[in-house]
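Colleague: Below are the structure tokens for one structure; questions will follow.
In full-length UniProt numbering, the protein residues as written are 1 to 601.
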């Protein structure tokens, strides 16, 4: 594998990708399938079977399940072998996160907080001594980790925290004083990653703090928060009053805390997308089972078009989000391996830079899949009707748990703007050449369009051409907005939100088409007609979103001839030659799911 073979982060926008060049869940190897089976078996036995108990705020059950997950090695998948872990690749990490997270958001949150932001900052930024001392305990589940970043006045603006770290007179320790809130795993953690400011430093600094309730060292806890969802996830305020931390427990270097926090969030974002996948699969399965059993007007409600539409859309969103999540995961894994094999980077550096490279995709996935999950659980309740509103069914708690996903790891609004902001920065650095194709689009718009009718007889030939045109549309709108506002574009938040909606839909639509095309080439079109239908249905919806976002943007920042030209370009770039039969596509998808009586892709 060479660097030129791997798309850099954000380059999907300006380069074509062949279906053979993306990784899909159909490419899982034997070991990965065995891991998936082991995780699913654990979740069904220990978590799904006790779902009602989690809703009763049984924090001890969450801790117990975490200990069992540690005994089975699930907490150590991404930890290097020399620190007691399995040392598996990024795709394996995503897979475990995916299938371990679907039964309840309470366990999913505890798992994600521990393995991600609780353990990972030490494996990626810790000294050799810190890693040897702490990581094996975290990998085995002997200790659990938490992450103390958010404060009452520092949420999305993570670097504005007021918690102070003061160096002792003898220079051997720091004294930490301040307040943290929304701290997951606080009630049963033994270790905290804490961010504080030294003197008047511009950026915060990270520290590793041990916590023992028998010897609290100035640490006190608030009561468990009463939350809409994730009810058995321990979430507390944490107060530090001159908590003494040895100087050797500083994480990385002074003032590097903000960078640690941001890079931890990049990984957290793509893993959050993974953590939302199996929840959708389970909701779809429960919903279709109910629809097949529920008789109204002397017929199962699964035979009604209104219900079939919901099932088809839920399945499509899940399948598309899954495709995009694993595509990006493999890109990250390949980039990490490439950097390690080049011999220039340590394992830590390779992992950090590998994930950082795809920060745009991480934000895209966080937004898209969290919103798919919310939609899926909402439609699940609708299929269940009045029963969906009852705590007797698993759908009610799934809906409540799903809501936090749009806030975790940076709100979806922050992530939308980040995806565009990071793309602009990559363009400025020359990592993604946006300017050349944007100028070509501008020339194309003033040229005479071709009136030839293309040959679209080959599978997905028209859809792939539309995706190319949607990329041109993004370059047209974003390029014109950037030209008008320059560096002040970040002040135009509504334009950035609209641009990100276009970017997100392009990535998802292209990935879905490539996944279905890859399957069709391998198995034959007849064998994967449902996947082909999902890719086509998703593209149709993507165009709707893109048309609205593009139109709103164009009419808001342009006038006169420029506006007319761009609106004509918008119309040209979203145009189908052969419109799909949307109802027929939904019928194909729903028929398969209803017949199988579960999510089956």
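C-beta: ideal position from N, C-alpha, C; glycine also.
None of these values were measured; they are calculated from a predicted model.
(1) Check whether the region 447-463 touches the region 571-582, counting contact only when three or more Cβ pairs, one atom from each stretch, lie closer than 8 Å.
(2) In the DSSP output, what is residue 198 paired with across the bridge?
(3) What first and last residue would you give for the alpha helix (DSSP H) that runs through residue 593?
(4) Going by the CB atoms, is the gap between residue 247 and residue 343 shorter than 9 Å?
(5) Can you check DSSP and say which residues form a bridge with residue 177?
(6) Counting only beta-carbon separations shorter than 9 Å, does residue 444 have a partner in chain B?
(7) Just verifying my parser: in three-state terms, what is the DSSP assignment at residue 576?
(8) Pick helix, strand or coil for residue 453, following the three-state DSSP scheme.
(9) Measuring CB to CB, does residue 537 end up less than 9 Å from residue 19?
(10) Quick check: the Cα distance between residue 433 and residue 52, rounded to an integer number of angstroms?
(11) Give the single residue among 159, 111, 156 and 127 whose Cα lies nearest to the Cα of residue 138.
(12) What are the partner residues of residue 246, as DSSP defines its beta bridges?
(13) Report yes if the C-beta distance between residue 145 and residue 193 is below 9 Å; otherwise report no.
(14) Count the other CB atoms, across all protein chains shown, that sit within 10 Å of the CB of residue 167; report buried if there are 16 or more and exposed otherwise.
(15) Only counting the same chain, and skipping five residues up and downstream in sequence, which positions put a Cβ closer than 7 Å to that of residue 130?
(16) Beta strand (DSSP E) containing residue 219: first to last residue?
(17) With distance defined between alpha-carbon atoms, name the residue in 15, 314, 251 and 600 nearest to residue 127.
(18) Tell me the start and end of each unbroken alpha helix (DSSP H) in the region 496-584 that is at least 4 residues and wholly inside, in chain order.
(19) Roughly how many angstroms lie between the CA atoms of residue 197 and residue 534, to the nearest whole one?
(20) Whose C-alpha, out of 278, 575 and 235, is nearest the C-alpha of residue 451?
(21) Which full runs of the alpha helix (DSSP H) of 4+ residues lie inside the region 266-340, going along the chain?
(22) Relative to the C-alpha of residue 323, which residue among 572, 568, 364 and 497 is closest?
(23) Below 8 Å on the Cβ atoms is my guess for residue 141 versus residue 71; work out the distance and round it to an integer in Å.
(24) By DSSP, does residue 182 sit in helix, in strand, or in coil?
(25) Secondary structure at residue 232, three-state DSSP: helix, strand or coil?
(26) The alpha helix (DSSP H) that contains residue 419, what's its start and end?
(27) Return yes when the Cβ of residue 562 is within less than 9 Å of the Cβ of residue 480, no when it is not.
(28) What is the DSSP secondary structure of residue 17, counted as helix, strand or coil?
(29) From the DSSP output, which residues share a beta bridge with residue 147?
(30) With distances taken between CB atoms, is the gap from residue 161 to residue 204 smaller than 9 Å?
(31) Quick one: grab the DSSP three-state call for residue 214.
(32) DSSP on residue 203, reduced to helix/strand/coil?
(33) Candidates 437, 598 and 266: which alpha carbon is nearest residue 411's?
(34) In whole angstroms, what is the alpha-carbon distance linking residue 25 and residue 174?
(35) Which of helix, strand or coil does DSSP assign to residue 360?
(36) Near residue 136, what residues of its chain come up, given a Cβ to Cβ distance below 7 Å and the 5 sequence neighbours on each side ignored?
Modeller: Quick look at the numbers:
(1) yes
(2) 165
(3) 582-596
(4) no
(5) 164
(6) No chain B appears in this structure, which consists of one protein chain only.
(7) coil
(8) coil
(9) no
(10) 52 Å
(11) 111
(12) 173
(13) yes
(14) exposed
(15) 122 and 208
(16) 219-221
(17) 251
(18) 529-557 and 560-573
(19) 49 Å
(20) 575
(21) 277-293
(22) 364
(23) 7 Å
(24) strand
(25) coil
(26) 412-429
(27) yes
(28) coil
(29) 193
(30) yes
(31) coil
(32) coil
(33) 266
(34) 47 Å
(35) helix
(36) 83 and 84
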